Structure formats: structure tokens, C-alpha cells
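A.B. asks: Residues in the sequence shown are numbered from 26 upward in steps of one, following the working numbering.
Heads up, the beta-carbon is just placed ideally off N, CA and C, and yes, glycines get one too.
Keep in mind it's a predicted model, so treat the numbers as computed, not measured.
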Amino acid sequence: MAGNKNFELVTPGLISYAYPKALMQAIKQQNKQLHINLNSWGCNSLQGIIDGNISAGLCSCHYPQDLLAIGNKLQIEALRKLDSLYLICNKNHPLLSRELTLETIAEYPYINTDLGLGPNSLSPFEDYCRINNLDLNVEMTITGISSLSAYLEASQAVALVPYKAVFDLLGEEPLLHLCKLSEMETTRLFNVTEPLTLTLLSPSGQQDPDLEWIRSQLRLVSGTLL
Numbered sequence: 026m027a028g029n030k031n032f033e034l035v036t037p038g039l040i041s042y043a044y045p046k047a048l049m050q051a052i053k054q055q056n057k058q059l060h061i062n063l064n065s066w067g068c069n070s071l072q073g074i075i076d077g078n079i080s081a082g083l084c085s086c087h088y089p090q091d092l093l094a095i096g097n098k099l100q101i102e103a104l105r106k107l108d109s110l111y112l113i114c115n116k117n118h119p120l121l122s123r124e125l126t127l128e129t130i131a132e133y134p135y136i137n138t139d140l141g142l143g144p145n146s147l148s149p150f151e152d153y154c155r156i157n158n159l160d161l162n163v164e165m166t167i168t169g170i171s172s173l174s175a176y177l178e179a180s181q182a183v184a185l186v187p188y189k190a191v192f193d194l195l196g197e198e199p200l201l202h203l204c205k206l207s208e209m210e211t212t213r214l215f216n217v218t219e220p221l222t223l224t225l226l227s228p229s230g231q232q233d234p235d236l237e238w239i240r241s242q243l244r245l246v247s248g249t250l251l
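1) How many whole angstroms separate the CB atoms of residue 176 and residue 136, which I take to be in contact at a CB cut-off of 8 Å?
2) Let me know the beta strand (DSSP E) ranges lying completely inside the region 90-160, each 3 residues or longer, listed in chain order.
3) If you draw a straight line from the C-alpha of residue 237 to the C-alpha of residue 50, how long is it?
4) Would you report the Cα separation of residue 70 and residue 94, rounded to the nearest angstrom?
5) Taking the Cβ atom as the reference point for each residue, do residue 159 and residue 182 lie within a distance shorter than 8 Å?
6) What separation, rounded to the nearest whole angstrom, lies between the Cα atoms of residue 174 and residue 162?
7) Roughly how many angstroms lie between the CA atoms of residue 170 and residue 178, to the nearest whole one?
8) Just to confirm, is the Cβ distance from residue 188 to residue 39 under 8 Å?
9) Only counting the same chain, and skipping five residues up and downstream in sequence, which positions put a Cβ closer than 7 Å to that of residue 247?
10) Could you tell me whether the Cβ atoms of residue 168 and residue 203 are closer together than 8 Å?
11) Quick one: Cα of residue 251 to Cα of residue 107, how far?
12) Nearest-angstrom Cα distance between residue 56 and residue 210?
Have a look at this one:
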């Protein structure tokens, strides 16, 4: 709509479906003259935020280690540690007839579901396997919820995701099995590697009330997904 201020936003692909409706409802309720364009976090998103081409972004990263090199280029806010994990696989997967441990999960093709800050970022599970010399076969990265669901339904691959919203959304899918990783296995994992943190990023030095309002809404929506 003419005259509306435009904001480019990015969020993790697996939970990007949850933001447009919630943000538009808030914009209408508070009569904000704003237009948002929301995309999934990609390999160029971090640079886009630094350059000011993206107004704000949510990413899952190792906080603060992954961000130390950025210095004062960004306004950075850690929202929440992603310290729960949810297993997703085919409902007839052979893993389900075995004890669910980090080691048995690592025996099957693995789907990475988050890009982190860049293409070389490791998920906590990948890092655990590296530290413990487990030969994990990372088959591919899928960051879209529909593509992930379709692929896991028809394959012997598995995924571990840190978002309860994905568990809630896919929990009724008849061809998938979802369960929360046990506290024992989660503790074993995070005894040797750090959980990711959902982090809110935006260009530094901007004093824009509308951008701060959008940041506040991203915080609110994110709080319902974890």
C-alpha cells in the first residue's frame, strides 16, 4: 500500500510459517502503516542485515561465539537457548524398535534443518558426533517444514529439531513419528556441546520506533514457538 514503510525480515525456515499471520494481526490491531516482506534465513542473510538491506532477522546460532567477529556491526539480542530437541522420522523407521540414544540416531542418514549463521555452522548433534568420532552421514540440509516432512515420510533419514512448534505442527502427521529426546540424552549432548540460541539481529545505530516495534513483535511470536 502506498505510503507504508517497508521492512525486510528473515526467520529460521522451519518456523517461518508462524510469523506472517501473527505479525499482520498485530499490524492491523495497532493500525500500523507498515509493510513486511518475510523470508527464510539464508546463506546471505547475515551480510544483508549488516549492509542494512534486511531490517531484522532471527537465527539459531552459537551465542555469543558465532557473533564475536561481528563486533558492533549489529544490534544483537539473545532470546532463548534451544535446549530441547525433537526427533522426527518415518513412523515405520527401524530406529523406533531400538533404544533412542545419540549413538543409535547417528547410525542413520541425518537431515540438517538449520543454516546457522553460515554454511559451515554445525548443529549441536553434528558437533557431538564430531567430538565423539561418530561417523554421521549428513544427507542434506532442508530448512522448509513441508519439504522436510515430505522427505522424512519417504526415507530412512532422521532429523533433530529444537522447536516445539514443529513438534506441535507435525505431531498429527500419519506417516511421521515425533518425540522429544529424553532428558538423559539431551543432558549427554549438552555436556559436551552448547545448545543453539535463538538470536534477534538488526543493523546497529538505527533509532527507528517502527523497527523497535517489529523487534518487540518478533520477540512475542518467538516466545510462543519454543
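C.D. replies: According to the data block:
1) As a first step, residue 176 must be located in the sequence shown, where it is residue number 151. As a first step, residue 136 must be located in the sequence shown, where it is residue number 111. Confirmed, about 7 Å.
2) When DSSP assignments are scanned along the region 90-160, the uninterrupted stretches of beta strand (DSSP E) that are 3 or more residues long and fall wholly within it turn out to be 99-107, 111-115, 135-137.
3) Taking the first residue of the sequence shown as position 1, residue 237 is located at position 212. Taking the first residue of the sequence shown as position 1, residue 50 is located at position 25. Within the model, the alpha-carbon separation for residue 237 versus residue 50 is close to 17 Å.
4) Stepping through the sequence shown from its first residue, residue 70 is reached at position 45. Stepping through the sequence shown from its first residue, residue 94 is reached at position 69. Approximately 16 Å, taken between the alpha carbons.
5) Taking the first residue of the sequence shown as 1, we reach residue 159 at position 134. Taking the first residue of the sequence shown as 1, we reach residue 182 at position 157. Not a contact, by the Cβ cut-off of 8 Å.
6) Position 149 of the sequence shown, counting from 1, holds the residue named residue 174. Position 137 of the sequence shown, counting from 1, holds the residue named residue 162. Between the alpha carbons of residue 174 and residue 162 lies a gap of roughly 19 Å.
7) Counted from its first residue, the sequence shown places residue 170 at position 145. Counted from its first residue, the sequence shown places residue 178 at position 153. Cα to Cα, residue 170 sits roughly 12 Å from residue 178.
8) Reading the sequence shown from its first residue, position 163 is the one you call residue 188. Reading the sequence shown from its first residue, position 14 is the one you call residue 39. Less than 8 Å divides the Cβ of residue 188 from the Cβ of residue 39.
9) Counting from one through the sequence shown, the residue named residue 247 turns up at place 222. Cβ within range, chain order: 83, 104, 223.
10) For the purposes of this step, residue 168 is identified with residue 143 of the sequence shown, where counting begins at 1. For the purposes of this step, residue 203 is identified with residue 178 of the sequence shown, where counting begins at 1. Taking 8 Å as the Cβ cut-off, residue 168 and residue 203 do not qualify as a contacting pair.
11) For the purposes of this step, residue 251 is identified with residue 226 of the sequence shown, where counting begins at 1. For the purposes of this step, residue 107 is identified with residue 82 of the sequence shown, where counting begins at 1. Roughly 8 Å between the two C-alpha positions.
12) Mapped onto the sequence shown, residue 56 falls at position 31. Mapped onto the sequence shown, residue 210 falls at position 185. Take the alpha-carbon of residue 56 and the one of residue 210: they are about 47 Å apart.
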